[in-house]
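Take a look at the structure set out below.
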Amino acid sequence: MWRRSSALCLVLAGCGRFAFAPVDDAVVTDSSGCPPTYDISLPSSTSRYRVSSEDRLVSVHHEICKADSNTGTHLVAVNNLAELDDLDLVLQRVAPPAMGRFYVGVVQQPGASSLATGWIDITGLTLDPLLWNVGEPDDLDGTENALEQLAVINPSGRLLDVSGTASYGAVCECDGLPVSAIAEQVIP
Ligand SMILES: [Ca+2]
Ligand SMILES: [Ca+2]
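Right, here's the structure in full:
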C-alpha cells in the first residue's frame with residue numbers, strides 16, 4: 138500500500154503545487170494511499186502533508202489529523218532539518234494562524250529530568266535536537282517542570298516547546314506510520 142516508488146512519482150509530480158483544499162470528512166485515498174487533501178509534497182520527503190491555518194487546540198488538531206485516514210496520518214513528525222526547512226517555506230505562503238504558529242507531532246515524554254531530554258515525534262522516534270529555536274526548549278521558565286511538553290513551528294522556522302493550552306494552526310503528515318501510544322498519551 139505504501140510503495141516508495143509510486144510515492145516518489147507523486148512527490149515529483151506534486152512539486153510546486155500548493156492547492157489548499159478544505160478538510161474532507163470522508164476517508165478516501167488517492168493512489169499514494171493518502172487522502173487527496175494531503176496535496177503538499179516536499180523535496181526532502183516521500184510523505185504528503187496538509188496544513189491547517191485554523192486556530193484550534195492541539196488535542197483537536199491531533200484528532201482531526203488522525204481521522205483523515207484509517208491509519209498513517211497524524212500531526213507532522215518532523216524528522217530532520219531539511220524537512221523542517223521545506224515545511225517552513227510552505228508555511229510562509231499560507232494564511233497565518235495565531236502568532237504564526239503551527240502545532241507539530243512532537244512531545245516530551247513524562248518524567249524527563251531536563252529541558253532537552255525525552256523528546257520524541259508522534260511516531261515514537263527520538264527528536265533531532267537541531268530542530269529547536271535558539272533558547273528552546275525552555276519549559277516556559279528554564280526549569281523542567283513539565284509546563285511545556287508539546288511543540289509548534291514558529292515563524293522563525295524552528296521549534297518551540299509550548300503548553301498546548303493555546304489555539305494555533307497545525308501541519309498533518311501522511312506517511313503510513315501509526316501514532317505511538319507513548320507519544321499520544323502526552324497530548325492533552
Ligand atoms: Ca518540558
Ligand atoms: Ca518554550
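If you read the sequence shown in this note's numbering, its first letter stands for residue 138, the second for the next number, and so on. We treat Cβ as the ideally placed atom computed from N, Cα and C, and that holds for glycine. Treat the numbers as computed from the prediction; the structure is a model and nothing was measured.
What is the rounded straight-line gap between the Cα of residue i and the Cα of residue j?
i	j	result
Ser184	Asn207	16 angstroms
Asn216	Gln246	17 angstroms
Val316	Asp205	13 angstroms
Thr174	Arg187	6 angstroms
Thr210	Glu281	30 angstroms
Tyr305	Pro172	23 angstroms
Glu189	Ser250	This sequence places Ser at residue 189; Glu is not what is there. Computed Cα separation, rounded: 33 angstroms.
So what's residue i in DSSP terms, helix, strand or just coil?
i	result
Leu338	Past the edges of the chain, shown from 138 to 325, lies residue 338, and the structure says nothing about it.
Leu267	helix
Cys311	strand
Leu287	strand
Gly237	helix
Glu281	coil
Asp222	helix
Ile345	Shown here, the chain extends from 138 to 325; a query on residue 345 therefore has no answer.
Give me whichever residues DSSP pairs with residue i in a beta bridge.
i	result
Glu273	According to DSSP, Glu273 bridges with nothing at all.
Asp205	Per DSSP, none; premise fails for Asp205.
Measure how close the beta-carbons of residue i and residue j come, nearest whole angstrom, since I'm counting them as under 8 angstroms.
i	j	result
Val289	Leu297	6 angstroms
Val323	Val244	4 angstroms
Ala219	Ser181	4 angstroms
Leu284	Asp276	5 angstroms
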